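Chains as they are written, first to last, in the working numbering: chain A, 1 to 336; chain B, 1 to 325.
Even for Gly, the Cβ is constructed at its ideal location relative to N, Cα and C.
Predicted model only: the values in this text are computed from it and were never measured.
To start, the structure itself, in structure tokens.
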Amino acid sequence: VKGKKAAAGDDIGRETRLELYRMQLELRYCEQRAYDLFLQNLVKGTSHLSLGQEAIAAAFGVAMRLDDWTFCTYRGHAHTLARGASMSGVLGELMGRECGLLGGKGGSMHLTDVTKGAMGSYAIIGAHLPVAAGAAWSAQYRGTEQVAVCFFGDGTTNIGAFHEALNFSVVWKLPVIFVCENNLYMEYTPISAVTAVEHPAADRASAYNLEKVVVDGNDADGVYRTAVKYMNRARKGGGPALIEAMTYRHSGHSRADPAKYRPEGELDKWLERDPLKIYRERLLGLGLVEATLKDIEAEVMRKVDEATATAKASPPPSLAAIEKDVWADGGVAWRN
Amino acid sequence: MAELTYRDAVAAGIAQEMERDERVVFLGEDVAHAGGVFKATVGLLDKFGPRRVRDCPISEQAIIGAAMGAAMTGLRPIAEIMFSDFLAVCWDMIANEIAKTRYMTNGQIALPLVIRTANGAGSRFGAQHSQSVENWAMAVPGIKVVAPAFPADVKGLLAAAVRDPDPVLFFEQKSLYSMKGEVPDGEYVDQLGTAKVLRHGKDCTIVALALMVHRALGAAETLEQQHGISCTVVDVRSLVPLDTQTILSEVAKTGRLVTVEENPRLCGWGAEIASIVADECFWDLDGPILRITTPHIPLPSADQLEDHTIPSVERIVREIREKID
């Protein structure tokens, strides 16, 4: 990669920055492809896109140790991909194909790849916060210095499991990082209209003896630095952190939502702060050349094209899959 | 053999498994320092220390969620929910998360965990601390459901549940905690999914669970002594997996099925067994199936009201006589 020395001159460094850029592109291009496939009626069910929010998933994905664990919500394509899960596996799952990460048995809202530490996407708001705490407990118990990272939206801060998990994790000093992606809307309603505090996560932190941490979720460098800081602390026994990352989703809550509730001009304002746009300009400012970035962009697009072709070529799951894997013996029998 | 109470058999089963396997950990409300509100886990903290035996806040979602997260990452947690009624406040964790995760992830995630809970009536605690909710669990694919009636089964089935690779909901009947019984010494592991025939008869097969097993045995004795009706009594022990073969063969021998359940009438576990028997051994039946259940009401608390609501020995005797005589 050709670039001026300036790009490597700070705490993050050129290689990591290129990785951050590439990762954000992968998430963006893959989800744009998922949307195209939906328009072609090839993606079924529902899907919740992270377009506009990629910096958070990408920065954590790059910062995490390979054996760390990710827990995410039904808006989890980006977080799963950011751990290195197969792109054709993700697109295949959205398309209900045999090659899907879950063999077509979970769908968009439950992407999981245990081999990559992507420990599941949970579609009931708040449920995965205690689960992430439990994984962190297991790491603490076994002394492995693994960290569990749990992503969720602003709406999650108003459900009981959020508060139970925070208190529990702090009392047990667990190595878990709770990351609230505040995209300003809980589904269709502004979070400010239904929440007692300005920062739905960070303003609750003091109730659990945690520091208030608010970061710009559209700045991958800032998120990366925050991730490294709190994950290192957690690994060394310093306990959990609650991070609120301010961001914005460019599309509606789910594919059914045209997002007409947003005030005029709000989206345009946030498009100016598109994390990919910000990051590209930063890389150029740090001395990387246009040709380098174009090469990466073309490479990522090729990867998405290949993944799409693989997913499209995959057959639907065998009907035999229906009666498999309720139990550890691989079967579904409940009686003799 | 040693004589242990049902509650001591709980602690004995947990201790046996914790001694054997460092991955087994135990968490719940008031379970460590206090030894449990039913004193079923006394001594575990002293024996295994606060790293493995942990008191929790009143946060049932956190307790069950933590057990799930720990199970999927290599531990074998036992979680206690103090009263089975409280399963309702963490039912998302059980029914939506724990039960479905292996299937939804195409077998990627294993959840070897046990949730123990005090179930059932007989303690005058009223409608929110006395329910019998094993039928809730039975209705959700992906959870194994066990409910022992005797101290030996508590120890043996609890050990089997801990060793099982799937999530198990373990219902302890709270008015049996002080009951005594012979429990095998040393390592003792039973088998999930096996019913037991406790008494052999000619006229009628009574299928029961937990506290109702004792009442069925009492009724069988009275029916034989006073009314000349001889009954087989089957202790189901495990609703999922369900030992239908034992039930079907015992029903075929007597030609009669009576289920005795603490569950309220609608969709109690006996309904499922009645359906299986009607499907699969209809031609062996000599008369209609009889389900003896709690009426379809919330449980009242006063002595006389609760006693009148839960199937009693007298009621079982009366209903069987009405049907069979």
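Residue 325 of chain A reaches chain B at 102, 103, 106, 107, counting residues in chain order whose Cβ is nearer than 7 Å. Cα atoms of residue 231 of chain A and residue 89 of chain B: separation of roughly 31 Å, rounded to the nearest angstrom. Taking the Cα positions, residue 332 of chain A is about 5 Å away from residue 326 of chain A. Its chain contains no residue whose beta carbon lies nearer than 7 Å to that of residue 46 of chain B once the 5 sequence neighbours on both sides are disregarded. For residue 90 of chain A, the closest C-alpha among the options A/84, A/82, A/101 is that of A/101.
Proximity of residue 232 of chain A to chain B, defined by a Cβ-Cβ separation below 8 Å, is not satisfied.
The beta carbon of residue 99 of chain B lies closer than 8 Å to those of 140, 141, 142, 143, 167 in the same chain, with the five residues before and after it left out. At a Cβ-Cβ threshold of 8 Å, residue 175 of chain A and residue 234 of chain A count as neighbours.
In the DSSP assignment, residue 262 of chain B falls outside any alpha helix (DSSP H) and lies within the beta strand (DSSP E) extending over 257 to 264.
It is roughly 14 Å from the alpha-carbon of residue 31 of chain B to the alpha-carbon of residue 77 of chain B. Residue 247 of chain A is a Cβ neighbour of residue 52 of chain A, given a cutoff of 8 Å. Inside the segment 189 to 228 of chain B, DSSP marks whole alpha helix (DSSP H) runs of 4 or more residues at positions 211 to 227, from first to last along the chain. Using a Cβ-Cβ cut-off of 8 Å, residue 119 of chain A counts as an interface residue toward chain B, since at least one Cβ of chain B sits closer than that to its own. Contacts between residue 103 of chain A and chain B, judged by CB atoms closer than 7 Å, involve 106 in chain order. Secondary structure of residue 150 of chain A (DSSP, three-state): strand.
Chain A places a beta carbon closer than 8 Å to that of residue 61 of chain B, counting this residue as a contact. Distance between residue 119 of chain A and residue 138 of chain A, taken at the CA atoms: about 14 Å. Residue environment analysis places residue 311 of chain B among the buried positions, since at least 16 neighbouring C-beta atoms fall within 10 angstroms of its C-beta. In the structure shown, the three-state DSSP call for residue 28 of chain B is strand. Interface flag for residue 141 of chain B against chain A is set, since a Cβ pair is found closer than 8 Å. A buried status is given to residue 173 of chain B, since no fewer than 16 other beta-carbon atoms sit within 10 Å of its beta-carbon. Judged by beta-carbon spacing, residue 110 of chain B lies beyond the 8 Å limit of residue 245 of chain A, meaning their Cβ atoms are not closer than that value. Among the residues of chain A, those whose CB is under 9 Å from the CB of residue 96 of chain B are 122, 123, 124, 127, following chain order. Interface annotation for the segment 227 to 253 of chain B against chain A: 240, 241, 242, 243, 244, 245, criterion Cβ-Cβ distance under 7 Å. If you look at residue 69 of chain A, you'll find it in the beta strand (DSSP E) that goes 69 to 73. The Cβ atoms of residue 149 of chain A and residue 177 of chain A lie closer than 8 Å to each other. Taking a beta-carbon distance threshold of 8 Å, residue 142 of chain A counts as an interface residue toward chain B. Comparing C-alpha distances from residue 164 of chain A to each of A/142, A/135, A/131, A/188 shows the shortest one belongs to A/131. Contact between residue 20 of chain A and residue 220 of chain A is confirmed by a C-beta separation of about 5 Å, below the 8 Å threshold.
Excluding residues up to 5 positions away in sequence, 127 lie with their Cβ nearer than 6 Å to the Cβ of residue 298 of chain B in the same chain. Annotated as distal: residue 74 of chain A and residue 188 of chain A, with beta-carbon spacing of 8 Å or more. Judged by DSSP secondary structure, residue 92 of chain A falls within the alpha helix (DSSP H) whose first and last residues are 87 to 94. Inter-residue distance for residue 185 of chain A and residue 160 of chain A is about 19 Å (C-alpha atoms, whole angstroms). CA-CA distance, residue 33 of chain B to residue 50 of chain B, rounds to 9 Å. Using a Cβ-Cβ cut-off of 8 Å, residue 183 of chain A does not count as an interface residue toward chain B, since no Cβ of chain B sits closer than that to its own. Interface flag for residue 130 of chain A against chain B is set, since a Cβ pair is found closer than 8 Å.
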